[in-house]
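Undergrad: Residue numbers (the numbering used here): 7 to 332. Where is the CB? At the ideal position from N, CA and C, for every residue including glycine.
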């Protein structure tokens, strides 16, 4: 058995939990704790708050090992989170946190580690045939949050190999006239419009504002949280239209990634996907856009699209990645 701290550091929230790995590397998580990244000047400061909370609970000293997932590329001298002010120096991180061993992974790399270890009943089929993961081939893992996370599980004779990617930063490609107009509007604010500018939590507001300009509607400006609530409950017509466009674009991007990675399976993950689940399946054009790949349409129809179900999938995956990254 291996004891460690699992951490999932995103642009909005930092999550921590004690974890234990069994002999096969499957984690068991303790109580998770969540902190707002914006409330702390650094990871070290947030870590100290977590440590104090654990000690106050009477759980004893923390393990001297940690596996930390970051919402950023990790193969660099300084990790700068894309959507926050925190900067992390991997070479100094163990010392900064008072640990003997630290393992670093990309956040969606961690999610992919989790997906590869989740039981079948935690991988709910949304679209396509109810087929298992391939013995050989690629499975795309993606999910919209503060950014758009993307990773790849490459199966080789049934053994999963996890590859981190920055697939959320590919160029946005409009597929109809309205999306071309949306792209023109977003280019006024961003020199380069990536898929993450649309297919992530803040992307709904980008779509909402662009549509308001295109249709010459006077609208109330809303926070991301309020806009998502209004879009999902249908109380704001333009927000609902923006949500429809969000799902169309997400379907297109998921299909593009599946083609690029080897079209054997797709897993959607994250809290936002859970909130979107019913609309995505019952009302949106997600799947029609996913399969709309011209000569590959018949192949796209054969790809299972699943939703990963776990209350702390980032922490579970970070813990699962600990031995894999030693």
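(1) Could you name the residues of the same chain whose beta carbon sits closer than 7 Å to that of residue 233, not counting the 5 residues immediately before and after it, in chain order?
(2) Pull up the distance between the alpha-carbon of residue 180 and that of residue 220, whole angstroms please.
(3) Taking the continuous alpha helix (DSSP H) assigned at residue 211, which residues delimit it?
(4) Are the Cβ atoms of residue 189 and residue 174 separated by less than 9 Å?
(5) Could you compute how far the alpha carbon of residue 30 sits from the alpha carbon of residue 7?
(6) Are residue 72 and residue 108 closer than 9 Å when you measure CB to CB?
(7) Let me confirm a value: residue 156 is counted as buried when at least 16 other C-beta atoms fall within 10 Å, else exposed. Which label applies?
(8) For residue 34, does the three-state DSSP call read helix, strand or coil?
(9) Can you have a look at residue 37 and say buried or exposed, based on whether 16 or more other CB atoms are within 10 angstroms of its CB?
(10) Does the Cβ-Cβ distance between residue 326 and residue 128 come in under 9 Å?
(11) In this structure, how does DSSP classify residue 130 when only helix, strand and coil are distinguished?
(12) If the criterion is Cβ atoms closer than 9 Å, does the pair residue 267 and residue 192 meet it?
(13) Using the rule of at least 16 other Cβ atoms within 10 Å of the residue's Cβ for burial, across every protein chain shown, is residue 131 buried or exposed?
(14) Between residue 264 and the rest of its own chain, which residues show a CB-CB distance below 7 Å, the 5 nearest in sequence each way excluded?
TA: With the structure as the only source:
(1) 210, 211, 214 and 245
(2) 15 Å
(3) 209-221
(4) no
(5) 9 Å
(6) yes
(7) buried
(8) strand
(9) exposed
(10) no
(11) strand
(12) no
(13) exposed
(14) 146, 272 and 309
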